[in-house]
């Protein structure tokens, strides 16, 4: 019974793979994968920018709050939040520049995303 199941699984795999084995099928699969990866990259960049804006805004709020209530806070939380927010805002641009340098081609300096 086990041999029949293995034979069935093998034929099922061959039946599923064979239609996609032609060149046009693999090419379209690769193009769809590249499109999906590009869209995910744009989503990731947008999420990092949004997180940077939120953390930078929280840093400004913490600095304002600590300045208003003297003696309670020391401003370290707000300053660290400002640094982290600025780093998150700069990260996508720096990664793009460094990736262009490591690959050896021209860096993509299109910051309109």
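Residue numbers (the UniProt record's numbering): 1 to 113.
For each residue, glycine too, the CB sits at the ideal point set by N, CA and C.
Alpha-carbon to alpha-carbon, residue j and residue i
i: residue 59; j: residue 78; result: 4 Å
i: residue 29; j: residue 10; result: 23 Å
i: residue 31; j: residue 94; result: 27 Å
i: residue 38; j: residue 101; result: 19 Å
i: residue 6; j: residue 36; result: 34 Å
i: residue 33; j: residue 8; result: 30 Å
i: residue 13; j: residue 27; result: 20 Å
i: residue 61; j: residue 68; result: 10 Å
Contact belief for residue i with residue j at Cβ below 8 Å, rounded distance in angstroms
i: residue 88; j: residue 45; result: Not confirmed; about 11 Å, so no contact.
i: residue 57; j: residue 66; result: The Cβ separation is near 15 Å, so there is no contact.
Option nearest residue i by Cα separation, candidates the options
i: residue 55; options: 68, 90 and 13; result: 90
i: residue 52; options: 85, 39 and 96; result: 85
i: residue 96; options: 61, 33, 41 and 50; result: 41
Heavy atom of the ligand ADP within 7 Å of residue i beta-carbon
i: residue 63; result: The ligand ADP is absent from the structure shown, which contains no ligand whatsoever.
Sequence-distant residues of the same chain with beta carbon closer than 8 Å to residue i, five excluded per side
i: residue 63; result: 75, 78, 79 and 82
Sequence-distant residues of the same chain with beta carbon closer than 7 Å to residue i, five excluded per side
i: residue 4; result: none
i: residue 98; result: none
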